[in-house]
Amino acid sequence: MHYLVSVIDDTAGLATPDEMVAINAFNDRLKAEGHWVFAGGLATPSSATVIDNRGARAMVTDGPFLESKEYLAGFWIIEAPDLDVALNLAAQASTHCNRKVEIRPFVGVDLPPLGE
Amino acid sequence: MSAVDVREAITRAHHEEWARVVAALTRRFGDLDIAEEAAAEAFATAVERWPVDGVPPNPGAWLTTSANRKAIDRIRRENKRDDKQKQAQMLYDDDDEPGEPLGAIDDERLRLIFTCCHPALAMESRVALTLRMLGGLTVPEIARAFLVPETTMGQRITRAKAKIKAARIPYRVPSTEDLPARVSGVLAVLFLVFNEGYLATGPDTDPVRHDLTTEAIRLTRLIRALMPDDGEVAGLLALMLLTEARRTARVSAGGELVPLGEQDRGSWDAALVAEGHRLVRDRLATGMAPGPYQILAAINAVHTSARDVRDTDWSQVVALYDQLVRLDPSPVIALNRAIAVAELDGPEVALAAVDRLEKQLAGYHAYHVARADLLRRLGRGQQSRAAYDRAIELAGNTAETAYLTRRRDQLG
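In order, the protein sequence lines correspond to chains A and B.
Numbering of the first sequence is given in this note's numbering, commencing with residue 1 and proceeding in unit increments.
Numbering of the second sequence is given in this note's numbering, commencing with residue 1 and proceeding in unit increments.
As structure tokens, this is what we get:
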């Protein structure tokens, strides 16, 4: 089961060198324990561009799709057997990156049943 | 067997078997929604069949088998050609399977409660799910218990089940390190279930739903067996036992609520009182700072230690409420403190304290009950009558309504 752990930030800054050390150590652990899928930090929302090509031609807009005080600063995609394991990992992710995180499951087609 | 007997058998089976059936089906099919729907259908079938065919010798086994069939029918209908169906079909043919030993069934229910009380669900959803899945209350009953429209409650339960499935909230007892935090969430839910049983709100339900209080106590005992050193688990169990001990004394033969001060203390359940007192004493002996449930249990221990209401150590009760207010400054606790203060400092002081809570508690029947009683004692009959009127309007419990109506009509 895959979960998206979104890093939510409300400050302008990227991760500090100390935070990066903690994040890298956490990533190594995720890999060692088989939870790692992918992770990355994002540039500031002002670097975003929104494209809507559902109409006759692509509409290109400068900036993020949603203007808000809080924004997505980075993410992990983790592998975990259930939400309890994922919540524990997300709690550690929050500590290591020193930011609030949101955890959200990917839509699965072959979810194993609850009882296992 | 008369129609009344069959109806009673169905009611009893619902009380005793609902959670077992839901838990067993959740384990088997890995899906709360399927388990709940199939359990509900099985009970609906029982209502239809039992008056015609007679009550089966083992209602629990009949209901589980019937619910299993309903679940498999649903899975087939949805034409899910996956492993779940293969597994289900395999089990479908296994009707003669002997019943599981009691210990394993209890454990199933414990899994179910930890799933229903998961911290990733909103508190209101945890309560609703627990009452639906464990307590077997209907959506309208739960909606009424929490003063929200039925559609809102229905959506709340549907959303919670969908989140459990999508986010894969596990169906198991939490790991040792997660257990303390998870237990406190469960206790809050169980206390609410107990209270709904103790002061049932349905216009047609019994004034005390013994099934709910029993279920809450049973589940609390289970958790205590799991966490024997947790003070709040012991505290909640003691609180429930000391409250349950007074159950029969609390409603008169005429179906009227009997307040604590007027109860026949000889009819309290001495064994439950003794067990509750023992739990409170054991917690005191640890010397550890008590949490809210342990303080509430201690307050009830003071009440149940007095052989006559006039022997109640009210200064001790008020001191315990002072301690509780520091931990939990909620208006309901302040109201109960004020009621105790009336016995110590008189109704005038108490009324002033109660009146200060108007803004927060104007929609809460117990606030008006307290006011009505204090105003009556102060000889302010007209205001007392108005307060009784409002209390009767808001009270959902049939025995309490009967008692309040008589008190109001006794006013000069």
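Beta carbons are placed, not taken as given, at the ideal position from N, Cα and C, and that holds for glycine.
{"Asked": "S6 (chain A) - DSSP class collapsed to helix/strand/coil", "Found": "strand"}
{"Asked": "Neighbourhood of L72 (chain A) by C-beta distance below 6 angstroms, restricted to the same chain and skipping five residues each side", "Found": "S6"}
{"Asked": "Delimiting residues of the beta strand (DSSP E) encompassing I51 (chain A)", "Found": "T49 to D52"}
{"Asked": "Close Cβ partners of A301 (chain B) (< 6 angstroms) along its chain, the five nearest in sequence each way excluded", "Found": "H277 and V280"}
{"Asked": "Supposed contact pair V6 (chain B) and P51 (chain B) - C-beta distance, whole angstroms, cut 8 angstroms", "Found": "5 angstroms"}
{"Asked": "Contact between the segment 306–313 of chain B and the segment 327–336 of chain B (3+ Cβ pairs under 8 angstroms)", "Found": "no"}
{"Asked": "Host beta strand (DSSP E) of E79 (chain A) (start-end)", "Found": "Y71 to E79"}
{"Asked": "Among B:L241, B:F43 and B:G255, the one whose alpha carbon lies nearest that of D269 (chain B)", "Found": "B:L241"}
{"Asked": "Simplified DSSP state of L430 (chain B), which is helix, strand or coil", "Found": "What is shown of chain B runs 1 to 412, which leaves residue 430 (chain B) out entirely."}
{"Asked": "Residue-chain proximity (R168 (chain B), chain A), Cβ-Cβ < 8 angstroms", "Found": "yes"}
{"Asked": "C-beta neighbour in chain A for D211 (chain B), strict 8 angstroms", "Found": "no"}
{"Asked": "P105 (chain A): first and last residue of the uninterrupted beta strand (DSSP E) it sits in", "Found": "K100 to P105"}
{"Asked": "Interface flag, A20 (chain A) vs chain B, CB-CB below 8 angstroms", "Found": "Just to set this straight, residue 20 (chain A) is Met in the shown sequence, not Ala. Output row for M20 (chain A): interface = no."}
{"Asked": "7 angstroms Cβ shell around I10 (chain B) - same chain, five flanking residues per side excluded", "Found": "A46, V47 and W50"}
{"Asked": "L375 (chain B) vs A387 (chain B) beta-carbon contact at 8 angstroms", "Found": "yes"}
{"Asked": "Nonlocal neighbours in the same chain, by C-beta distance under 7 angstroms from V317 (chain B), ignoring five residues either side", "Found": "I299, V302 and A340"}
{"Asked": "Among A:A22, A:D62 and A:N27, the one whose alpha carbon lies nearest that of E52 (chain A)", "Found": "The question names Glu, yet the displayed sequence has Asp at residue 52 (chain A). Comparing Cα-Cα distances from D52 (chain A) to each of A:A22, A:D62 and A:N27, the minimum goes to A:D62."}
{"Asked": "Expected contact under 8 angstroms - CB spacing of R74 (chain B) and E37 (chain B) to nearest Å", "Found": "7 angstroms"}
{"Asked": "CB of A24 (chain B) within 8 angstroms of CB of E108 (chain B), strictly", "Found": "yes"}
{"Asked": "Counterpart residues of M59 (chain A) in DSSP-defined beta bridges", "Found": "A:D52"}
{"Asked": "Under 8 angstroms from the C-beta of P174 (chain B): neighbouring residues of chain A", "Found": "D84"}
{"Asked": "Ordered list of alpha helix (DSSP H) runs contained in the segment 117–186 of chain B, each at least 4 residues", "Found": "123–129, 139–145 and 150–166"}
{"Asked": "C-beta contact flag for L30 (chain A) and W36 (chain A) at 8 angstroms", "Found": "yes"}
{"Asked": "Below-8 angstroms beta-carbon distance, M1 (chain A) vs any chain B residue", "Found": "yes"}
{"Asked": "CB-CB length for A253 (chain B) against Q263 (chain B), believed under 8 angstroms", "Found": "Going by Cβ atoms, the distance from A253 (chain B) to Q263 (chain B) rounds to 13 angstroms, so no, they are not a contact pair."}
{"Asked": "For R27 (chain B) and A67 (chain B), the rounded distance between their alpha carbons", "Found": "13 angstroms"}
{"Asked": "C-beta contact flag for F106 (chain A) and H2 (chain A) at 8 angstroms", "Found": "yes"}
{"Asked": "R247 (chain B) vs T213 (chain B) beta-carbon contact at 8 angstroms", "Found": "yes"}
{"Asked": "Alpha-carbon spacing of C97 (chain A) relative to A297 (chain B), whole angstroms", "Found": "43 angstroms"}
{"Asked": "DSSP-derived helix/strand/coil call for V251 (chain B)", "Found": "strand"}
{"Asked": "Beta carbon of L112 (chain B) nearer than 8 angstroms to that of A160 (chain B)", "Found": "no"}
{"Asked": "Cβ-based burial, G346 (chain B) [other Cβ within 10 Å; buried from 16]", "Found": "exposed"}
{"Asked": "Beta-bridge partners of A39 (chain A), as assigned by DSSP", "Found": "A:W76"}
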